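J.: In my numbering, the protein residues as written are 51 to 441.
Virtual Cβ for every residue (Gly too), placed ideally from N, Cα, C.
For clarity, every value in this text was computed on a predicted model and none was experimentally measured.
My questions will all concern the structure given below.
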Ligand SMILES: Cc1cc2nc3c(=O)[nH]c(=O)nc-3n(C[C@H](O)[C@H](O)[C@H](O)COP(=O)(O)OP(=O)(O)OC[C@H]3O[C@@H](n4cnc5c(N)ncnc54)[C@H](O)[C@@H]3O)c2cc1C
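See the structure below:
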């Protein structure tokens, strides 16, 4: 089955409103993201204006409850939206989906905090992020070093966060901090920190090789006071709740890799059909053609993995293994096949006029976000041994 047929079949599973938001996202991406994505990278800037515009199109509230003005749609709708947009650029929808997720989590904060933050986040006036990673701790999240000490009416936070999507511009930071180092993961709590608070210091945006639309950055908290009403998850709950969303994130990152690979294969096939060498179109050279067939075949397999994980998430079933398998496969295969697509264009593949190198760098980024490929192996290895180890 061809990769695009697999997607068409999956889209039939979506409800009418879900297909409609997907169509809106596609139109937005072709109109706003595709023409500007290369320039955002060249200028190394976060496209905050375009992000706010996407919010006004309703793309920040896909899963948000209608009670808060959102669309209340299923996970699969969000995944398909970012997969579709990633055909044009990975960074922009990654920034958007991180803001979307921060917004949905903020709607679960205490009433006063949610009422104050959700409406401006929904229309993009305020931008959100989820800050777990620190300069000294990434994969091993349970050892985070940011501390939260009890104070009159709230908590005082001290520490630093790094590699946070949207941190270059964000106003609302959902931040994990340790309240009791002796308790390990059970001591971790989640707080809503706002950039306007005393003690919040933003770091300059990180200089990357690409994907600047992600707005990756960091911040420091120096005796930053957070009132009790801004505790999002108390100690004992925060670590578990933060990991709850991780399967969804792994699955949509994998689907975004599928989006990039589809667009790269289309560019490579078109180019190789027109470009001639040794008296014929280069696509007639079997080695080159087979490399594109391998890419299309693995794209089909990647989509099946992603869409299966998405259906499990929609149904509220355990998607841990399915999501990790999709993300591992995406990391391993997309990187290899995007490089083959660049190769098919010869030196022209390096030019920013084509999205291929942008996708290739973004794909390497995807191998880190929401758990590295090695962490996927660790997770899958544990599940494999649990199932078949016999002990
Ligand atoms: C563009 C971008 C956006 C990001 N956005 C966010 C965000 O919004 N919020 C957030 O909290 N974080 C974010 N991250 C951080 C991301 O989650 C971390 O990069 C990731 O968890 C890995 O942590 P690390 O980079 O510190 O690597 P480390 O944990 O230091 O690992 C370094 C290397 O060692 C390997 N390794 C570590 N432990 C093991 C092991 N047990 N077995 C085998 N290998 C191992 C890792 O796989 C990796 O290859 C983002 C990262 C990037 C690049």
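1) Using DSSP's beta-bridge definition, name the partner residues of residue 274.
2) Are there three or more Cβ pairs, one per stretch, closer than 8 Å when the region 302-316 is compared with the region 194-203?
3) Do you know how far the Cα of residue 238 is from the Cα of residue 232?
4) Measuring only the C-alpha atoms, how far is residue 242 from residue 401?
5) If you draw a straight line from the alpha carbon of residue 253 to that of residue 209, how long is it in whole angstroms?
6) Ligand 1: which residues have Cβ under 5 Å from any of its heavy atoms, chain order?
7) Quick check on the DSSP output: the alpha helix (DSSP H) that includes residue 256 runs from which residue to which?
8) Taking 8 Å as the threshold, find out whether the region 375-391 comes into contact with the region 338-356 through three or more Cβ pairs.
9) Let me know the secondary structure DSSP gives residue 93 once reduced to three states.
10) Does DSSP put residue 244 in a helix, in a strand, or in coil?
11) At which residues does the beta strand (DSSP E) containing residue 417 begin and terminate?
12) What did DSSP end up calling residue 85 once you bin it into helix, strand or coil?
13) Is there contact between the region 355-368 and the region 126-133, where contact requires at least three CB pairs shorter than 8 Å?
14) In chain order, what residues of the same chain have a beta carbon less than 7 Å from the beta carbon of residue 53, not counting five sequence neighbours either side?
15) Kindly identify the DSSP beta-bridge partner or partners of residue 356.
16) According to DSSP, simplified to helix, strand and coil, what is residue 55?
17) Would you kindly work out how many angstroms separate the C-alpha atoms of residue 443 and residue 115, rounded to a whole number?
18) Are there three or more Cβ pairs, one per stretch, closer than 8 Å when the region 418-438 is compared with the region 330-338?
19) Just curious, the beta strand (DSSP E) that residue 228 is in, first and last residue?
20) So what does residue 214 bridge to, in DSSP terms?
21) Taking 8 Å as the cut-off, decide whether the C-beta atoms of residue 404 and residue 317 are in contact.
22) Thinking C-beta only, is residue 121 closer than 8 Å to residue 71?
23) Could you name the residues of the same chain whose beta carbon sits closer than 7 Å to that of residue 251, not counting the 5 residues immediately before and after it, in chain order?
24) Taking only the alpha-carbon atoms, compute the straight-line gap between residue 100 and residue 170 and give it to the nearest angstrom.
25) Could you please give me the residues that DSSP links to residue 178 through a beta bridge?
26) Let me know the secondary structure DSSP gives residue 283 once reduced to three states.
27) Rounded to a whole number of angstroms, what is the C-alpha to C-alpha distance between residue 85 and residue 79?
28) So, with DSSP's three-state summary, where would you put residue 5?
29) From this set, 160, 249 and 406, which residue's C-alpha is nearest residue 279's C-alpha?
30) Please say whether residue 261 and residue 421 have beta carbons closer to each other than 8 Å?
31) Please tell me whether residue 155 and residue 68 are closer than 8 Å, where the distance is taken between their beta carbons.
32) Just grab the DSSP bridge partners of residue 330 for me.
33) Residue 429: buried (16+ other C-beta within 10 angstroms of its C-beta) or exposed?
34) Nearest-angstrom Cα distance between residue 51 and residue 60?
35) Answer yes if the region 361-374 comes into contact with the region 289-305, meaning at least three C-beta pairs across the two stretches below 8 Å, and no otherwise.
T.: According to the structure data:
1) Beta bridge pairing from DSSP links residue 274 with 207.
2) Judged by pairs of C-beta atoms under 8 Å, the region 302-316 does not touch the region 194-203, as fewer than three such pairs exist.
3) Taking the straight line joining both Cα atoms gives about 11 Å.
4) So the alpha carbons of these two residues sit roughly 42 Å apart.
5) Approximately 13 Å, taken between the alpha carbons.
6) Having a Cβ closer than 5 Å to some heavy atom of ligand 1 are 182, 183, 188, 189, 213, 214, 215, 264, 266, 415, 418, 419, 422 and 424.
7) Taken as a continuous stretch (DSSP letters only), residue 256 belongs to no alpha helix (DSSP H), as it is neither H nor E.
8) Contact annotation: the region 375-391 touches the region 338-356, with at least three C-beta pairs closer than 8 Å.
9) Of the three classes helix, strand and coil, the one that applies to residue 93 here is coil, per DSSP.
10) Strand, per DSSP.
11) From DSSP, residue 417 is part of no beta strand (DSSP E); its letter is neither H nor E.
12) The answer is helix: DSSP assigns residue 85 an H, G or I state.
13) Remark: three or more beta-carbon pairs, one from each stretch, lie closer than 8 Å, so the region 355-368 and the region 126-133 are flagged as touching.
14) Closer than 7 Å at the Cβ level, and outside the excluded window around residue 53, lie 312, 346, 349, 350 and 353.
15) DSSP, once it has assigned bridges, lists no residue as partnering residue 356.
16) In the structure shown, residue 55 adopts helical secondary structure according to DSSP, grouped into three states.
17) Nothing about residue 443 can be read from this structure; the chain reaches only from 51 to 441.
18) They do not touch, by the three-pair rule.
19) If you look at residue 228, you'll find it in the beta strand (DSSP E) that goes 222-228.
20) Its beta-bridge partners are 267.
21) Contact: yes.
22) When the beta-carbon positions are compared, residue 71 and residue 121 come within less than 8 Å of each other.
23) Answer for residue 251: 269, 270 and 272, listed in chain order.
24) Using only the alpha carbons, I get a separation of about 16 Å.
25) Answer by DSSP bridge pairing, in chain order: 222.
26) When secondary structure is reduced to three states using DSSP, residue 283 falls in the strand class.
27) If you draw a straight line from the Cα of residue 85 to the Cα of residue 79, it is about 9 Å long.
28) In the structure as shown, the chain begins at 51 and stops at 441. Residue 5 is therefore absent and cannot be evaluated.
29) Residue 279 has its Cα closest to that of 160, out of 160, 249 and 406.
30) Cβ atoms of residue 421 and residue 261: not closer than 8 Å.
31) For residue 155 and residue 68, no; Cβs fall outside 8 Å.
32) The partner list for residue 330 (beta bridge, DSSP) reads 327.
33) The residue in question, residue 429, is buried, as its Cβ has 16 or more Cβ neighbours within 10 Å.
34) Going by the C-alpha atoms only, they are around 13 Å apart.
35) Enough Cβ pairs lie closer than 8 Å, so yes.
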